[in-house]
Every structure is written in C-alpha cells, then in structure tokens.
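Colleague:
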Amino acid sequence: MVPTKKNLAVVGPTGVGKSNLAIKLAKKGDFEVINTDSRLFYRGFDIGTSKPSKKDLSQVKHHLVNFLSPEADFSLSEFVIKVNDLIQIARNSSRIPLLVGGSGQYTKAILENWDVPQVPPNYTLRAELDEIVKKKSVGALYSKLLKEFPENAEGIDKKNPRRIIRAYELGKSNTLRVSKKFDEQSTQFMIIGLTMDRNLLYDRIDSRINSMLKNGWVQEVRYLIDSGVGLKDNAFFSIGYPEIYSYIKNECNLEEAVAQIKKKTRNLIRHQYNWFKLSDPRIKWFDVGLISLIEIAEKIEKEILEY
Numbered sequence: 003m004v005p006t007k008k009n010l011a012v013v014g015p016t017g018v019g020k021s022n023l024a025i026k027l028a029k030k031g032d033f034e035v036i037n038t039d040s041r042l043f044y045r046g047f048d049i050g051t052s053k054p055s056k057k058d059l060s061q062v063k064h065h066l067v068n069f070l071s072p073e074a075d076f077s078l079s080e081f082v083i084k085v086n087d088l089i090q091i092a093r094n095s096s097r098i099p100l101l102v103g104g105s106g107q108y109t110k111a112i113l114e115n116w117d118v119p120q121v122p123p124n125y126t127l128r129a130e131l132d133e134i135v136k137k138k139s140v141g142a143l144y145s146k147l148l149k150e151f152p153e154n155a156e157g158i159d160k161k162n163p164r165r166i167i168r169a170y171e172l173g174k175s176n177t178l179r180v181s182k183k184f185d186e187q188s189t190q191f192m193i194i195g196l197t198m199d200r201n202l203l204y205d206r207i208d209s210r211i212n213s214m215l216k217n218g219w220v221q222e223v224r225y226l227i228d229s230g231v232g233l234k235d236n237a238f239f240s241i242g243y244p245e246i247y248s249y250i251k252n253e254c255n256l257e258e259a260v261a262q263i264k265k266k267t268r269n270l271i272r273h274q275y276n277w278f279k280l281s282d283p284r285i286k287w288f289d290v291g292l293i294s295l296i297e298i299a300e301k302i303e304k305e306i307l308e309y
C-alpha cells in the first residue's frame with residue numbers, strides 16, 4: 003500500500019463489527035491496529051468484552067490489548083500519551099495507524115487532540131466517594147459533582163461511578179476534566195463509522211450475549227473471583243461482569259442478570275451514538291446491514307490512498 007498522510011479510525015456502537023473490519027484491513031494492508039476500547043485493556047476479561055480471539059491476536063498485532071492487570075489504573079491522560087506515541091512509531095515505520103474501539107471518550111480524545119490533565123489518583127478521596135455510591139447511589143454522587151464542579155460534570159456518563167469519581171477528583175485539584183480541545187487533529191484522520199438499524203442491532207446484541215453465556219462467560223467470572231479479582235478492581239466495571247458476579251453470589255438469578263446485561267448494553271449503544279453522531283460530517287458512515295465488511299474494507303483501502 004502506498005504511504006498516506008492520513009491515519010484511520012473506525013468508530014460505532016458495540017456489536018456492529020468494528021474489530022472484524024480492523025482485522026480484515028490489517029491482514030491486507032500496512033495498518034497498525036491500536037485499540038481504543040478500555041474494556042480490552044485488561045487481562046482475563048475476554049468473553050464478556052468480545053475481545054479478539056487468540057488466533058486473531060496472533061495474526062494481527064493489536065496495541066493496548068491485554069496489557070493491564072484487572073486492578074491497574076490507566077488514566078485518560080496516560081492513554082492519550084501512549085496512543086500518540088504509537089501513532090508516531092507507526093508513521094515512522096511507514097504504516098497506517100488504525101484506531102478501533104467503542105469507548106467514545108478515549109477515541110475522541112485522540113481524534114480531537116484533547117489536552118487531558120495529568121493528575122495522580124487520590125485514593126483517600128476515592129474511598130470517600132465510593133462510600134457515597136454504596137450508601138446512597140451513583141445518582142447521589144453525580145449530584146454532588148454537578149453541584150460542586152458543574153464544568154467537570156458536562157457530558158459525563160451519569161451512570162459510570164468511575165468516571166464521576168475521576169471528574170470530582172480533578173475538580174478537587176482545581177483542574178478541568180478536559181482543559182482544552184483542539185479540532186485540528188481530526189483532519190489527520192479518515193474516520194469510518196459503522197452503523198445498522200437500531201432494532202436489528204439490539205437483536206444482534208441479544209444473540210451475542212446469549213452466545214457469550216454458552217461459551218463460558220459465567221465460568222470466566224468464577225475463575226476471576228477465585229483468582230482474587232472482584233468488584234473493587236477497575237476491570238470489573240465492564241458491562242456484564244458485575245451482573246454475573248451478583249448471580250454467582252446468589253444476589254439474583256441468571257435470568258435477572260442477563261436481563262440487566264441486555265438493558266445496560268442497549269443504554270451503552272445509545273450513549274455511543276451520542277459520542278459519534280450520524281450527522282457528524284467528519285465521519286463516513288457505512289450501514290453494515292446494506293454492505294458487507296469486505297466491501298467496506300475495499301472502499302477504505304481505495305479511498306485512503308487518495309488522501
């Protein structure tokens with residue numbers, strides 16, 4: 003493939019085929035796959051995150067997959083520094099950086115070159131805020147953030163306690179969650195969006211969750227628990243793991259856990275469409291219900307050479 007000045011990013015909701023497209027591209031061209039899905043950072047969390055198979059990972063190198071232990075902290079600022087380094091290394095090797103993942107905040111931080119504050123974690127404060135969640139609710143914690151640091155509450159996932167705690171932590175250090183945004187970097191990326199009919203996507207997600215359970219998701223969570231991993235660890239905030247944990251601990255039945263997983267995944271999809279809107283002129287959208295991933299890959303290979 004002829005070198006291009008463009009980088010490539012594949013965005014879209016969970017379950018739409020982003021990873022499969024990235025693998026198809028990487029097998030055919032000079033693409034360097036850089037994962038931007040925070041759920042895939044952690045070792046041992048494989049089935050419930052739809053992590054690429056061992057075979058795919060052996061055939062196509064993926065940066066930022068399986069590189070953290072479940073309890074590890076990895077801030078957005080650390081992520082931005084790491085990914086920008088990987089992009090530069092790929093460019094220096096005449097390869098095309100290919101960002102792929104469903105974590106909207108992480109992906110957008112790179113595409114828009116966010117200036118993310120480097121504030122170390124305050125574990126004492128985090129413990130205090132965790133108590134608010136345990137004794138009251140995530141909503142109570144969000145209300146506290148909104149009241150005390152409204153600028154840091156802007157655009158945050160109101161149901162994600164880790165994000166809210168981090169935003170409050172930054173507020174206490176007199177730091178904005180994202181102090182500046184620069185849009186220039188988005189022009190260095192060809193951004194591909196994958197989408198499909200929402201109801202069809204929901205059906206696909208439901209089937210995928212059922213398949214995950216048949217493929218040993220509950221057993222995976224049991225193994226993690228037996229290994230000493232639990233709700234205190236960052237990796238356990240991936241959708242599905244807390245619900246299966248509750249089932250294993252006899253706090254609910256499996257049917258109730260699965261219903262919650264499917265509900266939360268649908269909420270995630272809606273949230274992902276808020277990060278990357280179908281109306282965003284920077285994104286070239288493909289409906290995977292109308293065109294195959296193979297055809298999309300061929301179009302991308304042709305178009306990226308024109309940049």
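Take 3 as the starting number for the sequence shown in our numbering and just add one per residue. Note that beta-carbon positions come from the ideal geometry of N, C-alpha and C, so glycine has one too. Bear in mind the structure is a predicted one, so any value in this text is a computation, not a measurement.
(1) Using only alpha-carbon positions, find the residue among Gly50, Leu100, Asn22 that is nearest to Ala11.
(2) Kindly list the residues whose CB is nearer than 7 Å to the CB of Val18, restricted to its own chain and excluding five residues on each side of it in sequence; keep chain order.
(3) Label Ser105 either buried or exposed according to how many other C-beta atoms from any shown protein chain fall within 10 Å of its C-beta, with 16 as the threshold for buried.
(4) Provide the residue(s) that pair with Lys286 in DSSP beta bridges, ordered along the chain.
(5) Between the alpha carbons of Leu143 and Arg200, how many angstroms are there, rounded?
(6) According to DSSP, is Phe76 part of a helix, a strand, or is it coil?
(7) For Gly117, which three-state DSSP category applies?
(8) From Phe278, Lys234, Ile302, Val35, pick the residue whose C-alpha is nearest to that of Lys136; which is it?
(9) Checking 7 Å against the spacing of the C-beta atoms, do Gly50 and Tyr243 come in under that value?
(10) According to DSSP, is Phe69 helix, strand or coil?
(11) What separation, rounded to the nearest whole angstrom, lies between the Cα atoms of Glu257 and Tyr225?
(12) Give me the DSSP bridge partner(s) of Ala24.
(13) With DSSP run on the structure shown, which of helix, strand or coil describes Val231?
(14) At a cut of 8 Å, does the segment 107-123 reach the segment 16-31 through at least three beta carbon pairs?
(15) Given this structure, state the Cα-to-Cα distance separating Lys8 from Ile98, to the nearest angstrom.
(16) Could you please give the first and the last residue of the uninterrupted alpha helix (DSSP H) stretch that includes Pro54?
Modeller: In brief:
(1) Out of Gly50, Leu100, Asn22, Leu100 has the C-alpha closest to the C-alpha of Ala11.
(2) Counting only residues of its own chain and dropping the five nearest sequence neighbours on each side, Val18 has a CB closer than 7 Å to the CB of Leu196, Thr197, Met198, Leu203, Val290.
(3) Buried, since its Cβ has 16 or more Cβ neighbours within 10 Å.
(4) BP columns for Lys286 point to Ile194.
(5) Distance from the CA atom of Leu143 to the CA atom of Arg200, rounded to whole angstroms, is 31 Å.
(6) Coil.
(7) The question names Gly, yet the displayed sequence has Asp at residue 117. Strand, per DSSP.
(8) Comparing C-alpha distances from Lys136 to each of Phe278, Lys234, Ile302, Val35 shows the shortest one belongs to Lys234.
(9) For the pair Gly50 and Tyr243, the CB atoms are nearer than the 7 Å cut-off.
(10) Phe69: coil per DSSP, three-state reduction.
(11) Tyr225 has its alpha-carbon roughly 21 Å from the corresponding atom of Glu257.
(12) Bridge partners of Ala24: none, in fact.
(13) Looking at Val231 - three-state DSSP - the assignment turns out to be coil, as it is neither helix nor strand.
(14) Three or more beta-carbon pairs separated by less than 8 Å are not found between the segment 107-123 and the segment 16-31, which leaves the two stretches without contact.
(15) About 7 Å.
(16) For Pro54, no alpha helix (DSSP H) encloses it, and the DSSP letter there is neither H nor E.
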